[in-house]
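Numbering (the working numbering), first residue to last: 673 to 833.
Beta carbons are placed, not taken as given, at the ideal position from N, Cα and C, and that holds for glycine.
Have a look at the structure below before the remarks.
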């Protein structure tokens with residue numbers, strides 16, 4: 673199978689991975705803890721944890737990105753660019769993806785075009801969606817569900833002087 677060729681649904685690994693992610697999210701119920709084909713949401717399912725964030729790569733190895741709140745119509749956030757997605761619906765190899773909002777350690781929106789961006793801390797679900805043809809992608813990388821609604825651990829209250 674080569675990238676960009678029109679294959680049936682059963683021959684597209686990205687389609688298969690997104691289908692598995694959707695099934696995991698809907699079920700919300702390890703050799704590789706972030707494999708798209710392992711159950712990332714269990715056995716440590718936390719109440720409200722229903723998202724497996726992922727990255728998509730094009731045939732040249734570039735990260736796919738999209739934009740949320742274009743025009744700033746949603747008052748609580750600025751326009752942002754994100755490379756992080758959540759699958760909402762899938763039919764054949766066409767998917768509705770919600771754009772996950774990258775946030776810094778303070779919970780402020782940041783535009784992130786690289787997963788190792790030093791300002792990136794976590795993700796928030798949004799209602800901003802895009803429709804994609806999954807046959808246009810050659811790779812998918814699943815990320816830890818713990819990135820979604822991530823909070824700082826309680827800090828030691830001792831003062832060091």
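- Around residue 760, the same chain offers 768, 769, 770 and 801 as residues with beta carbons nearer than 7 Å, after the five sequence neighbours per side are excluded.
- Residue 805 sits in a strand when the DSSP states are folded into three classes.
- Of all alpha-carbon atoms in 686, 773, 735 and 736, the one lying nearest the alpha-carbon of residue 752 is that of 773.
- The Cβ-Cβ distance between residue 724 and residue 817 falls below 7 Å.
- Contact between residue 755 and residue 784 is confirmed by a C-beta separation of about 6 Å, below the 8 Å threshold.
- Here DSSP, grouped into helix, strand and coil, assigns residue 692 to helix.
- In the same chain as residue 689, and ignoring 5 residues on each side of it, the C-beta atoms closer than 6 Å to its own belong to 708 and 812, in chain order.
- Within the same chain, Cβ atoms closer than 8 Å to the Cβ of residue 750 are found at 741, 744 and 781, the five residues on either side in sequence being excluded.
- Annotation: residue 685 to residue 779 spans about 34 Å, alpha carbon to alpha carbon.
- Contact annotation, residue 765 with residue 805: C-beta distance approximately 6 Å; criterion of less than 8 Å satisfied.
- The continuous beta strand (DSSP E) containing residue 761 extends over residues 757-763.
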